[in-house]
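First comes the structure, then the notes that go with it.
Protein chains: 2
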Amino acid sequence: ACMEAHNQGRTKFMDFPYVSAPHRDLMLDLVSTLENRLGSQLLPCTLPPDVQYYQNQTGTASATLHVRSGHKPSQIDFILGSWIHSELPTGGALNITSLSAYLNSSTDAPNFLIELIQGSPTSLVLILDLPPRKELVLYPDYIQTFYEDTQLETRRQVLEKIPEVVPYVSSSLYIRSLVSPTAIMARIDTGASGPGRMEEVVKSSINPIAKELLEIWLDRCACEEREVAEVERAYLEKRDGLVKKKTIEIDLGMSLPRLFGQEVTDRILESLQEFFTA
Amino acid sequence: ACMEAHNQGRTKFMDFPYVSAPHRDLMLDLVSTLENRLGSQLLPCTLPPDVQYYQNQTGTASATLHVRSGHKPSQIDFILGSWIHSELPTGGALNITSLSAYLNSSTDAPNFLIELIQGSPTSLVLILDLPPRKELVLYPDYIQTFYEDTQLETRRQVLEKIPEVVPYVSSSLYIRSLVSPTAIMARIDTGASGPGRMEEVVKSSINPIAKELLEIWLDRCACEEREVAEVERAYLEKRDGLVKKKTIEIDLGMSLPRLFGQEVTDRILESLQEFFTA
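Those protein sequences? They're chains A and B, same order as listed. Residue numbers are given in our numbering: position 205 of the first sequence equals residue 205, and the series is strictly consecutive. Residue numbers are given in our numbering: position 48 of the second sequence equals residue 326, and the series is strictly consecutive.
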């Protein structure tokens, strides 16, 4: 029954029924790459079916949530994928797709995060980052290893130079504090040149860079071992716990009640507790 | 002799002979405000005269440095003011003016920092911030107290909305990691509308916001007491020490050799050691 719920939930999640073909391809690519590389390290999704897929009362908003924990000897804490779709009173729709991967305290390497927030066919916010898990000003070596040697800045600059791209500044100061110095936080507006141009940007610019970042994360973070002292491990557990709690508070706690009502929100947040307080 | 060197150095520093009137007024305002409020808490500048004012061999570049330590019972570690002027091969000049204030480990409140880098009469980079002294993701209360309750974000947005302003991204990932989530990092380019417009932006937009930030820093950071546990104090000393060392490495270590040669650079950096390793 668990495996059946996992498979049904996964199918629903991998549908990405409301976004453009290039947007869907990007998400499918990323999830497949992650699952192929980490495969046996990931447990099935154990969320209840009504958390893996949920709707609001009128059916104008729907969403999926797919969370897979790592097997204990693995460095993976869990991976979390989701999409949210909501019709807008203006006639358009809001579509958010995201994929994040959290490591556990056996390593101090960065996490992985991508989120695409599509407010209209010509307007997209992209957040793409390897969020650090240590205080960077105290560890210049960590900056060197994960952000300079990996040349993440050159990727950020490629996207920054696209004419339709302007910097995106999160309204949450906590989120701003959380991301790395090479985080890609971009707002893409193709108003004048239309939805076709947006699909082109997703396909030819965002897609390759997102895949490169995921490969870097898999090679250098998820699949490489790092020495972590006992005292560091306690610090990581405290930091990771707080970051996960605050992220979900800000990310889901703010938008879900508005889109799905308080009852659904409570159900979702309660189900996620176990991942975010472990 | 010490007091005489202090007075001569201060006069030279307060000259700001190469920048526009509004730029000079801004710096004079900030230094005076700082000195008036902290007055008796500050010791005279004890740097050797040839560090308080220095030039390159051909006299095409000159600079001042003015550092005043805090008296021991004060919360001030030291304040550092400087200007650097260098003729450019292109005929123009580079002018950097900066003022920073560092607190000691009796408090964990943020520091103060302003830097104006004028590459031409129509081009200016502004860095204005209260850089945090704790790891923000671990202390949401700290974000609340110093960055939300103080409404620093609204000031950042006022400057961001000026048509000639685009975001400035430091080439140093360390500097990016160091600043607060409401840091003002702006590049102002008044190419088309000329140097008169730049002076207007400095006078009517940068000046009032910089003064507001300094007042906030004086009221909430420098002159307010905070409880700091023993273990926190050790952390702050370690963090402050590393931040100061890296900041000077990046800030002066990168530009000084090019502008003043290695001999002068060594003299300046050596004199600053005592402040940056205390």
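We put the CB at the ideal spot given by N, CA and C, even for glycine.
Q | Cβ-Cβ separation, Thr460(B) to Tyr425(B) (assumed contact under 8 Å), whole Å | A | 5 Å
Discussion item. Can you pull the chain B neighbours of Thr145(A), defined as C-beta to C-beta under 7 Å?
Written reply: Going along chain B, no residue has its Cβ under 7 Å from Thr145(A), so there is no contact; the nearest lies around 12 Å.
Query - Against chain A: residues of the segment 514-525 of chain B by CB proximity under 9 Å - result: Lys516, Arg517, Leu520, Val521 and Lys524
CB contact check: Leu547(B) to chain A, cutoff 8 Å
Chain A, which has no Cβ nearer than 8 Å to the Cβ of Leu547(B), makes this no.
> Looking at the unbroken alpha helix (DSSP H) that takes in Gly9(A), where does it start and where does it end?
Replying inline: Its alpha helix (DSSP H) spans residues Cys2 to Phe13.
Checklist line | Check whether Ser340(B) and Gln333(B) have beta carbons under 8 Å apart | finding: It is a contact, given that the beta carbons lie within the stated cut-off.
Which runs of the beta strand (DSSP E), 3 residues or longer, sit entirely within the segment 442-484 of chain B? 443-445 and 462-467
Check your understanding: For Tyr331(B), which residues does DSSP report across the bridge?
Key -> Thr342(B)
Quiz item: Taking only runs of the beta strand (DSSP E) that begin and end inside the segment 507-534 of chain B, which ones reach a length of at least 3 residues, in chain order?
Solution: none
Task: Nearest-angstrom Cα separation, counted from Gly359(B) out to Leu304(B) - done: Using only the alpha carbons, I get a separation of about 13 Å.
Worksheet entry | Boundaries of the alpha helix (DSSP H) in which Glu438(B) is found, first to last residue | Leu430 to Glu438
*Short-range partners of chain B found in the segment 168-189 of chain A, where Cβ spacing is below 9 Å*: Residues Val169, Ser170, Ser171, Ser172, Leu173, Tyr174, Ile175, Arg176, Ser177, Leu178, Ser180, Pro181 and Thr182.
Would you list the one or two residues that DSSP bridges to Glu490(B)?
Beta-bridge pairing by DSSP links Glu490(B) to no other residue.
**Q.** Cα-Cα separation between Ser383(B) and Ala512(B), rounded to whole angstroms
**A.** 8 Å
ask   = Nearest-angstrom Cα distance between Cys2(A) and Trp217(A)?
value = Those two C-alpha atoms are separated by around 29 Å.
Note to self: For Ala464(B) and Thr46(A), I'd like the C-alpha separation in whole angstroms.
What the structure shows: 47 Å
Based on DSSP bridge pairs, tell me the residues matched to Leu130(A). None, per the DSSP bridge assignment.
Worksheet item: Is Val158(A) closer than 8 Å to Ile188(A) when the C-beta atoms are compared?
Response: no
Spatial neighbours of Gln396(B) in its chain, beta-carbon cut-off 6 Å, leaving aside the 5 residues before and after: Asn373 and Leu402
- [ ] Could you work out which residue in Leu126(A), Pro121(A), Pro163(A) and Glu212(A) is closest to Thr154(A) when comparing CA atoms only?
- [x] Glu212(A)
TODO: Verify the CB distance criterion: does Glu200(A) have a CB-CB separation below 8 Å to chain B?
DONE: no
For this session: Kindly list the residues whose CB is nearer than 7 Å to the CB of Val521(B), restricted to its own chain and excluding five residues on each side of it in sequence; keep chain order.
Result: Beyond the five residues adjoining it in sequence on each side, Val521(B) comes within less than 7 Å, by CB distance, of Leu456 in the same chain, given in chain order.
Could you tell me which residues DSSP puts in a beta bridge with His363(B)?
Paired residues: Ser340(B) and Asn373(B).
query = Can you pull the DSSP bridge partners for Phe112(A)?
reply = The beta-bridge partner set that DSSP reports for Phe112(A) consists of Ala101(A).
Is there a Cβ of chain B sitting closer than 8 Å to that of Arg128(A), yes or no? Rather than Arg, the amino acid found at residue 128(A) in this sequence is Leu. Chain B, which has no Cβ nearer than 8 Å to the Cβ of Leu128(A), makes this no.
Using only CA atoms, which one of Arg197(A), Glu115(A) and Glu237(A) lies nearest to Ser170(A)?
Glu115(A)
Q.
Rounded to the nearest angstrom, what separates Leu256(A) and Ser98(A) at their Cα positions?
A. 15 Å
Does the beta carbon of Val323(A) sit closer than 8 Å to a beta carbon anywhere in chain B?
Because chain A spans 1 through 278 in this model, residue 323(A) falls outside it and cannot be assessed.
Is the beta carbon of Arg68(A) closer than 8 Å to that of Leu42(A)? yes
message = Just to confirm before moving on: does the CB-CB distance between Thr122(A) and Thr190(A) stay below 8 Å?
response = yes
### Query
Any idea if Pro326(B) is buried or exposed, counting beta-carbon neighbours within 10 angstroms, 16 or more meaning buried?
exposed
Note to self: Check whether the segment 219-226 of chain A and the segment 197-206 of chain A touch, using three or more Cβ-Cβ pairs below 8 Å as the test.
What the structure shows: Result no; under three Cβ-Cβ pairs closer than 8 Å.
* DSSP on Ser398(B), reduced to helix/strand/coil? -> strand
Leu320(B) - containing alpha helix (DSSP H), residue span = Looking at the DSSP string, Leu320(B) is not in any alpha helix (DSSP H), and its letter there is neither H nor E.
- For Pro140(A), go through chain B and note every residue whose CB falls closer than 7 Å to its CB, in chain order. Going along chain B in sequence order, the residues near Pro140(A) (Cβ under 7 Å) are Tyr452 and Lys524.
Counting only beta-carbon atoms, is Glu148(A) nearer than 8 Å to chain B?
yes
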